[in-house]
Amino acid sequence: MKVQPFFHTETGSLTYVVSDSGLALIIDPVLDYKDGDISHSHIDNILEYIRRKGLELRFVLDTHIHADHLSASHYVRESTGAKTVISQRIKDVFSQWKSKFGLSKLATFDFLVNGNSKLHFGSKIIEVIETPGHTPACVTYKIADNVFVGDTLFAPDKGTSRVDFPGGSAEELYRSVQKLYALPSTTNVYLCHDYPPMGASPTMCVKLDWQKRRNVMLRQSTTIDEYVFARNQRDGSLKAPKLLDIAVPFNLTFKLPKA
Numbered sequence: 038m039k040v041q042p043f044f045h046t047e048t049g050s051l052t053y054v055v056s057d058s059g060l061a062l063i064i065d066p067v068l069d070y071k072d073g074d075i076s077h078s079h080i081d082n083i084l085e086y087i088r089r090k091g092l093e094l095r096f097v098l099d100t101h102i103h104a105d106h107l108s109a110s111h112y113v114r115e116s117t118g119a120k121t122v123i124s125q126r127i128k129d130v131f132s133q134w135k136s137k138f139g140l141s142k143l144a145t146f147d148f149l150v151n152g153n154s155k156l157h158f159g160s161k162i163i164e165v166i167e168t169p170g171h172t173p174a175c176v177t178y179k180i181a182d183n184v185f186v187g188d189t190l191f192a193p194d195k196g197t198s199r200v201d202f203p204g205g206s207a208e209e210l211y212r213s214v215q216k217l218y219a220l221p222s223t224t225n226v227y228l229c230h231d232y233p234p235m236g237a238s239p240t241m242c243v244k245l246d247w248q249k250r251r252n253v254m255l256r257q258s259t260t261i262d263e264y265v266f267a268r269n270q271r272d273g274s275l276k277a278p279k280l281l282d283i284a285v286p287f288n289l290t291f292k293l294p295k296a
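Residue numbers for the sequence shown follow our numbering, beginning at 38 and rising by one.
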């Protein structure tokens, strides 16, 4: 099995192509968006990589409904026939944002998964770990000794995701991270975001042991009360993502909101 990362500089987002036995899947693909226009150069580069390697694209997985970039899942499905995968609790997220954005219908996904779901992929099994807290629909995908955690964990020096969106919960996120921390310490943790200084490379993958010992917000020894206090204090100082009013409705409907 191989994991190939792709970094979207404009949004600090990481997309992964996982390949095994001639098959490929994409995790958290990103569209280019600027001044009201969508373009596809970043995701097309990823699809070209898959074609060049002679891989059959089987799945495109989102770890959650992103608030800071537009998902390319629908574009990938339309372009390749790959099956889209997301948490079944996307229905909860839709209901929480529906009135704010005047949404009428949730987009269609091929597989709505939960913690009991397993997808066959080459010689591997994709396991789903429900990791709500940032949003109700956050999941982690576990493939062998690799976990793709979405926004649940950031690089150890940056901590964890925020919990101040509708349906977010510091208590839930704490419990979700404990699920991950119960995995073997040698597990590879693939991150969804990083924001390196100009010219520096993003942190894409760290060992779980490093997270447990070094995460600035939530180490293995951190109590739930300590974490909830620190997380809520931190969220009180954060601004909303600049693309939130575009990204959330788009990622729920695959349609740009009306101006």
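Note that beta-carbon positions come from the ideal geometry of N, C-alpha and C, so glycine has one too.
Since I believe residue j is in contact with residue i (beta carbons under 8 Å), could you give me their beta-carbon distance rounded to a whole number of angstroms?
i       : j       : result
Val-130 : Arg-114 : Not confirmed; about 19 Å, so no contact.
Tyr-227 : Val-186 : 7 Å
Thr-3   : Leu-217 : This structure gives no information on residue 3, because the portion of the chain shown stretches from 38 to 296.
Phe-164 : Lys-179 : It is worth fixing the name first, because residue 164 is Glu in this sequence and not Phe. Their Cβ separation, rounded to whole angstroms, is 4 Å, which keeps Glu-164 and Lys-179 in contact under 8 Å.
Ser-136 : Ser-58  : At roughly 45 Å, the Cβ-Cβ gap does not stay under 8 Å, so Ser-136 and Ser-58 are not in contact.
Phe-158 : Ile-123 : Incorrect: roughly 16 Å between the Cβ atoms, too far for contact.
Using 10 angstroms around the beta-carbon of residue i, count the other beta-carbons present and answer buried if the total reaches 16, otherwise exposed.
i       : result
Glu-47  : exposed
Leu-275 : exposed
Gln-248 : buried
Lys-155 : exposed
Ser-50  : buried
Tyr-232 : exposed
Arg-250 : exposed
Pro-66  : buried
Arg-89  : exposed
Ser-56  : buried
Pro-193 : buried
Please return the same chain residues whose Cβ sits closer than 7 Å to the Cβ of residue i, not counting the five positions on each side in sequence.
i       : result
Thr-172 : His-101, Ile-102, Val-130, Phe-202, Gly-204 and Gly-205
Ala-104 : Phe-202, Pro-278, Leu-281, Ala-284 and Val-285
What does a CB cutoff of less than 6 Å around residue i pick up in its chain, not counting 5 residues either side in sequence?
i       : result
Tyr-70  : Leu-107
Val-214 : Leu-255
Ile-87  : Ala-61 and Leu-94
Leu-68  : Ile-75, Leu-107 and Ala-109
Gln-41  : Val-54
His-45  : Val-67 and His-79
Going by CA-CA distance only, name the one from the options that's closest to residue i.
i       : options                               : result
Asp-81  : Ile-162, Lys-137, Ser-116 and Asp-188 : Ser-116
Asn-225 : Thr-121, Val-184 and Asp-262          : Val-184
Gly-170 : Arg-199, Asp-194 and Pro-193          : Arg-199
Phe-191 : Asn-269, Cys-242, Gly-273 and Met-38  : Cys-242
Glu-208 : Tyr-264, Cys-175 and Lys-244          : Tyr-264
Asp-26  : Gly-196, Gln-133 and Met-235          : One cannot answer for residue 26 here, as it falls past the ends of the chain, which runs 38 to 296.
Leu-92  : Asp-99, Lys-39 and Asp-72             : Lys-39
Lys-295 : Val-150, Phe-138 and Pro-234          : Phe-138
Let me see if you follow: with CB-CB separation under 7 Å, is residue i close to chain B or not?
i      : result
Lys-39 : Protein chain content of the structure displayed is limited to a single chain, and chain B is not contained in it.
Which same chain residues, not among the five before or five after residue i, have their C-beta less than 8 Å away from its C-beta?
i       : result
Leu-140 : Phe-131, Trp-134, Pro-286, Leu-289 and Thr-290
Ile-83  : Phe-43, Thr-52, Val-54, Ile-63 and Pro-66
Lys-120 : Arg-95, Phe-96, Val-97, Arg-114, Asp-147 and Phe-148
In the stretch 230 to 280, which residue ranges form an unbroken alpha helix (DSSP H) of at least 4 residues, counting only runs that do not cross its ends?
Within the stretch 230 to 280, complete alpha helix (DSSP H) segments of at least 4 residues are found at 245 to 251 and 261 to 272, given in chain order.
Which runs of the alpha helix (DSSP H) fall wholly inside the stretch 140 to 218 and span at least 4 residues, in chain order?
Runs of the alpha helix (DSSP H) lying entirely within the stretch 140 to 218, each at least 4 residues long, are 207 to 218 in chain order.
Would you mind listing the alpha helix (DSSP H) stretches within the stretch 69 to 132 that are 4+ residues and don't spill past its ends, in chain order?
When DSSP assignments are scanned along the stretch 69 to 132, the uninterrupted stretches of alpha helix (DSSP H) that are 4 or more residues long and fall wholly within it turn out to be 78 to 89 and 110 to 117.
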